[in-house]
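Note sheet for the following structure.
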Amino acid sequence: MTRRRMILGGSLIGGALIVGYTATHPMQVAGAILQGGGSDPEPSAFGPFVRIGSDGWVTVVNKQQEMGQGIHAGIAAMVAEELDADWDRVRVIEARNNFRAYGLQMTAGSNAIASNWDAMRNAGAAARAMFVAAAAHRWNVSSQSIEVRDGVVSHPGSNQSATFADLLEDASRQTPPQSPTLKQPKDYRLIGTDRVHRKDSLAKSTGAVIYTQDIQRPDMLVAMVAHSPRFGGTLARFDASDALKVKDVVDVFAIETGVAVVAKTTFAARRGRDALRIEWNDGEAEMRSTPELIEYYHQIAAGRGDLEPSDFGTKGENPGAPFDGDVVEFAFDFPYLAHAPMETLDCVAQVEGWNVSITSGAHLATLDQVMAAIAARTIPGKVDLEVVPAGGSFGRRGIMSSDYLVECVRIAKRIQGRPIKLIWSREDEMMSGYYRPMSHHRVWVQMGADAFPARWRVHSVCQALTPIGPNFQATEGITNSPYFSTASTVDGKIFSPSFPVVVGFWRSVGAAHTAFVMEHVIDQLARRADRDPAAYRRTLYEKAGDLRRIRVLDELCGKAGWGSPLEAGWARGLAIAEAFGTIVGQVAEVRLVDGRPIVRRVVAVVDCGIAVAPDQIAAQMEGGIGFGLSAALYGAMTLKDGIVQETNFDSHPVLRMNEMPAVETHIIKSTSRPTGMGEPGVPPIAPAVANAMLALTGSPTKSLPFLSGNALSNSDVSSQS
Amino acid sequence: MSYAISVNGQVHHVEDDGQTPLLWVLRDTLKLTGTKYGCGVAQCGACTVHVDGTPTRSCTLPLEVAASARITTIESIEGVEAQAIRGAWVARDVPQCGFCQSGQIMSAVALLRTLKTPTDRDIDVAMSGNICRCATYNRIRAAIHDAAAQLGTAR
Chain G
1 MTRRRMILGG
11 SLIGGALIVG
21 YTATHPMQVA
31 GAILQGGGSD
41 PEPSAFGPFV
51 RIGSDGWVTV
61 VNKQQEMGQG
71 IHAGIAAMVA
81 EELDADWDRV
91 RVIEARNNFR
101 AYGLQMTAGS
111 NAIASNWDAM
121 RNAGAAARAM
131 FVAAAAHRWN
141 VSSQSIEVRD
151 GVVSHPGSNQ
161 SATFADLLED
171 ASRQTPPQSP
181 TLKQPKDYRL
191 IGTDRVHRKD
201 SLAKSTGAVI
211 YTQDIQRPDM
221 LVAMVAHSPR
231 FGGTLARFDA
241 SDALKVKDVV
251 DVFAIETGVA
261 VVAKTTFAAR
271 RGRDALRIEW
281 NDGEAEMRST
291 PELIEYYHQI
301 AAGRGDLEPS
311 DFGTKGENPG
321 APFDGDVVEF
331 AFDFPYLAHA
341 PMETLDCVAQ
351 VEGWNVSITS
361 GAHLATLDQV
371 MAAIAARTIP
381 GKVDLEVVPA
391 GGSFGRRGIM
401 SSDYLVECVR
411 IAKRIQGRPI
421 KLIWSREDEM
431 MSGYYRPMSH
441 HRVWVQMGAD
451 AFPARWRVHS
461 VCQALTPIGP
471 NFQATEGITN
481 SPYFSTASTV
491 DGKIFSPSFP
501 VVVGFWRSVG
511 AAHTAFVMEH
521 VIDQLARRAD
531 RDPAAYRRTL
541 YEKAGDLRRI
551 RVLDELCGKA
561 GWGSPLEAGW
571 ARGLAIAEAF
581 GTIVGQVAEV
591 RLVDGRPIVR
601 RVVAVVDCGI
611 AVAPDQIAAQ
621 MEGGIGFGLS
631 AALYGAMTLK
641 DGIVQETNFD
651 SHPVLRMNEM
661 PAVETHIIKS
671 TSRPTGMGEP
681 GVPPIAPAVA
691 NAMLALTGSP
701 TKSLPFLSGN
711 ALSNSDVSSQ
721 S
Chain A
1 MSYAISVNGQ
11 VHHVEDDGQT
21 PLLWVLRDTL
31 KLTGTKYGCG
41 VAQCGACTVH
51 VDGTPTRSCT
61 LPLEVAASAR
71 ITTIESIEGV
81 EAQAIRGAWV
91 ARDVPQCGFC
101 QSGQIMSAVA
111 LLRTLKTPTD
121 RDIDVAMSGN
131 ICRCATYNRI
141 RAAIHDAAAQ
151 LGTAR
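First to last, the protein sequences are chains G and A.
Each residue of the first sequence is one higher than the one before, starting from 1 at the first, in the working numbering.
Each residue of the second sequence is one higher than the one before, starting from 1 at the first, in the working numbering.
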């Protein structure tokens with residue numbers, strides 16, 4: 001912590017007390033050199049996380065990106081709790097991208113609450129200590145005798161009190177403590193209560209929130225880009241003569257990713273693009289269809305390819321030795337999945353010489369800044385990135401290549417001096433890839449005499465999510481599974497084929513398919529052994545010493561009424577999975593109508609450490625279940641001769657109101673550090689539904705989605721009970 | 001061509017092709033950006049506005065057709081139903097990313113204007129044209145019931 005004190009502005013009317021701290025981390029020193037720009041109010045040695053105005057309002061600066069997950073509420077609650085602020089007078093603003101002020105700004109891996117837990121509490125506690133010291137000095141009493149509550153500082157002994165606003169100037173002269181004392185969880189008055197509401201609900205109910213799509217600037221032009229319909233295809237030639245005849249089309253030119261049409265309005269850009277005649281070069285393009293890719297994966301898993309696998313989660317002596325005795329075999333196929341956030345990809349950028357300014361719902365802002373600099377051939381310090389809320393992302397805006405943002409910068413660089421708003425159509429978004437990778441998993445289990453696994457073999461085929469390093473995300477959730485606890489050997493192999501279809505992070509990443517593998521296999525093993533699936537799991541967790549899963553399982557069985565009878569035709573299915581340190585268990589109540597699963601209720605239990613914002617944890621559970629169920633029922637991006645067949649919500653159904661199950665969320669009481677909630681609600685739902693279907697029919701699920709072909713269209717509202 | 005179009009109680013004279021979808025007239029010409037583009041093919045409901053009081057997907061409604069009607073957008077939807085809906089939305093923290101919520105609210109207000117106490121099935125029928133990828137559906141349903149109950153008490 002750096003000792004600093006300052007007051008902004010010439011007077012207290014426009015002034016604000018800024019409290020924060022910064023570490024002298026080598027990365028941040030490097031950042032200070034790179035980040036000459038950064039137009040935050042005061043990129044000082046403080047990371048300005050907390051501002052207190054002369055009106056008594058507390059403004060929390062959120063360096064993470066809000067894409068719906070409600071993290072702003074939790075982050076603000078951490079500050080407000082330690083500051084003892086009046087929650088009703090706390091607001092949150094989004095930080096611009098500023099490495100020097102805030103360090104890395106990457107909102108990913110459900111880490112926003114976990115990674116800000118120390119910094120934001122310390123900022124709040126340091127500010128509180130400054131108010132306490134100011135009051136103690138003013139009233140000539142000891143600091144220990146002072147209390148703070150709801151933004152009011154008081155000394156009960158002498159019956160004196162003052163608001164933050166009253167004390168602002170004096171407090172600003174105090175030195176923030178280097179290691180402020182933090183509260184014990186038992187003393188929390190705000191954290192963990194239903195008082196922690198979102199701060200953006202009203203603005204999001206009036207149309208007032210400005211997303212990237214809504215940005216208006218004087219002189220702004222709108223761009224759309226015609227992309228190759230095939231992954232890996234490149235532009236051969238194009239004829240823009242008709243496009244340029246469209247009213248309000250300003251310019252048409254080739255860029256690295258296709259042909260850009262720049263116009264005065266969005267619809268003119270769209271019409272101009274429709275009028276282009278383009279020839280693509282498919283020499284390097286992916287030309288296969290989905291059935292061929294599935295067959296290719298099967299061949300790889302069978303060891304008939306030339307792809308060298310790498311090991312994961314191997315255990316014991318000679319894990320590759322042949323299995324004998326009672327061996328059970330499983331195989332799964334999972335499709336590519338699109339993110340389809342409600343706001344398609346978009347970005348606003350202006351380039352003037354070396355200077356780049358960008359507005360975007362960027363959740364890997366630091367990376368986006370560097371990628372933009374490379375695209376504009378400037379240095380990151382010349383890139384100013386204003387971060388605005390995103391209309392969803394689910395990982396699509398968080399990809400390593402920053403594709404859409406870089407595309408916008410390239411167009412803006414060509415146009416020079418005018419703001420460019422790049423808008424992708426829904427079709428552009430759905431056909432653009434960066435999908436949750438398709439995967440194939442083969443599992444062999446050699447059973448022991450006790451009907452528990454004695455040896456495991458898992459061979460997976462999945463494209464890598466990162467260009468370098470081991471393909472660990474593809475098997476997270478299998479690696480170190482507690483279900484390996486009774487086994488003497490585990491033979492894990494991951495094959496990582498590489499071809500032009502681009503893949504990326506999709507909400508819950510590896511667990512989005514690996515949870516299905518492990519949870520559906522374990523149910524089948526339990527049923528084969530004539531054991532209750534919950535009891536069977538519990539034995540494996542006990543053997544693994546996995547106390548957190550045991551607690552989640554026990555709570556889940558209790559809350560879901562596991563084992564109690566249901567009406568005829570209904571069954572329960574259970575699944576438990578970990579993602580990013582959070583454990584979620586779900587029980588789904590399912591019936592089948594013409595082979596179609598109807599899910600009426602999901603009971604969920606979560607262990608995410610200290611629950612900072614319980615109602616937002618519940619919201620993410622509901623959202624995760626809806627998102628995961630949508631993918632399980634319908635999700636599949638398929639290729640025909642290399643061209644994506646699902647291009648909009650008509651050919652790619654998603655979950656609608658009438659298909660959403662009731663959701664009950666129960667949070668395990670914990671005093672451990674918080675873990676994340678944006679993603680972990682997703683993985684268990686698909687295997688929970690599959691396990692219920694298994695209970696109903698005895699037939700396992702071998703591939704997703706549950707519905708394909710003729711059953712693919714959304715269920716008619718009338719088919720819902 | 002020039003069209004006189006009534007939006008939120010004001011008449012605007014718009015120079016544009018009659019085939020231009022109302023959505024883009026609202027967003028790009030009139031700068032009313034509360035109404036969102038989500039799919040362009042009337043499948044997601046993010047662009048829902050009221051056309052003579054009826055919830056309508058503005059992304060497929062040509063300007064030349066819209067010009068003869070009274071258009072209301074999220075920016076100026078008013079009245080007891082709208083107030084009750086907004087209050088319920090905030091009390092339940094319905095929105096997550098929020099991008100679809102303008103459309104959701106326009107559909108919900110229209111529902112409450114037609115049916116004072118909608119059942120779950122009524123809500124399914126009225127709201128299934130509005131996609132929410134954050135899956136805030138349960139809170140939307142609960143908030144509609146809350147708003148209906150509040151209006152019932154007020155009457």
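Built from N, CA and C at the ideal position, the CB exists for glycine as well.
- Boundaries of the alpha helix (DSSP H) harbouring S102 (chain A): Q101 to T114, taken from the DSSP string.
- Residue environment analysis places G391 (chain G) among the buried positions, since at least 16 neighbouring C-beta atoms fall within 10 angstroms of its C-beta.
- Three or more Cβ pairs closer than 8 Å define a contact, and the region 93-107 of chain G meets that threshold against the region 54-70 of chain G.
- One thing to note: V41 (chain A) has its Cβ within 9 Å of the Cβ of T60 (chain A).
- The Cβ-Cβ distance between Y336 (chain G) and M637 (chain G) falls below 9 Å.
- Bounds of the beta strand (DSSP E) holding K421 (chain G) are I420 to I423.
- Here R198 (chain G) is actually not in contact with V328 (chain G); their C-beta atoms are around 47 Å apart, not less than 8 Å.
- For A162 (chain G), the closest C-alpha among the options G:A133, G:P177 and G:P185 is that of G:A133.
- When only Cα atoms are considered, E386 (chain G) and L547 (chain G) end up about 44 Å apart.
- Contact between V262 (chain G) and I71 (chain G) is ruled out by a C-beta separation of about 35 Å, above the 8 Å threshold.
- Residues of the region 71-88 of chain A whose Cβ lies closer than 7 Å to any Cβ of chain G, in chain order: I74, E75 and R86.
- The Cβ atoms of V259 (chain G) and V225 (chain G) lie closer than 9 Å to each other.
- Counting only residues of its own chain and dropping the five nearest sequence neighbours on each side, P380 (chain G) has a CB closer than 6 Å to the CB of L34, Q369, V370 and A373.
- Shown here for E352 (chain G): same chain residues with a beta carbon closer than 6 Å to its own, the five before and five after excluded, namely G417 in chain order.
- Distance from the CA atom of M220 (chain G) to the CA atom of P500 (chain G), rounded to whole angstroms, is 34 Å.
- Rounded to whole angstroms, the gap between the alpha carbons of L364 (chain G) and I522 (chain G) is 36 Å.
- Straight through space, the alpha carbons of T73 (chain A) and A604 (chain G) are spaced by roughly 38 Å.
- Residues of the same chain with a CB within less than 6 Å of the CB of A114 (chain G), apart from the 5 flanking positions on each side, are P674, T675 and G676 in chain order.
- Taking each of G:V458, G:G157, G:V152 and G:G151 in turn and checking the Cα distance to S145 (chain G), the smallest one comes out for G:G157.
- In this structure, the CA atom of S289 (chain G) is about 5 Å from the CA atom of D641 (chain G).
- DSSP, read as helix, strand or coil, puts W24 (chain A) in helix.
- Bounds of the beta strand (DSSP E) holding Y3 (chain A) are S2 to V7.
- Excluding sequence positions up to five before and after T265 (chain G), its CB lies within less than 8 Å of the CB of V222 and D248, all in the same chain and listed in chain order.
- Close CB contacts of A171 (chain G) within its chain, under the 7 Å cut and outside five residues either way in sequence, are with L17, M130, F131 and A134 (chain order).
- Counting of Cβ neighbours within 10 angstroms places K36 (chain A) among the buried residues, the total reaching 16 or more.
- In this structure, G:M430 is the residue among G:T212, G:M430 and G:A686 with its C-alpha nearest to the C-alpha of F231 (chain G).
- A direct Cα-Cα distance of roughly 16 Å separates S488 (chain G) from I478 (chain G).
- If you check the CB distance, P680 (chain G) and G624 (chain G) come in under 9 Å.
- With respect to the C-alpha of A127 (chain G), the residue from G:S651, G:E295, G:R572 and G:R173 having the closest C-alpha is G:R173.
- Taking the Cβ atoms as the reference, R139 (chain A) lies roughly 5 Å from R92 (chain A), within the contact range of under 8 Å.
- Within the model, the alpha-carbon separation for V445 (chain G) versus T466 (chain G) is close to 30 Å.
- In the DSSP assignment, L168 (chain G) falls outside any beta strand (DSSP E) and lies within the alpha helix (DSSP H) extending over F164 to S172.
- For Q144 (chain G), the closest Cβ of chain A is not nearer than 9 Å.
- Listed along the chain, the chain A residues whose CB falls inside 9 Å of the CB of D219 (chain G) amount to none; the nearest CB is some 14 Å away.
- Taking a C-beta cut-off of 9 Å against chain A, the contacting residues of the region 204-237 of chain G are K204, S205, T206, G207, A208, V209, I210, Y211, Q213, D214, I215, Q216 and V222, listed in chain order.
- With a beta-carbon spacing of about 5 Å, A588 (chain G) and V599 (chain G) fall inside the 8 Å limit used to define contacts.
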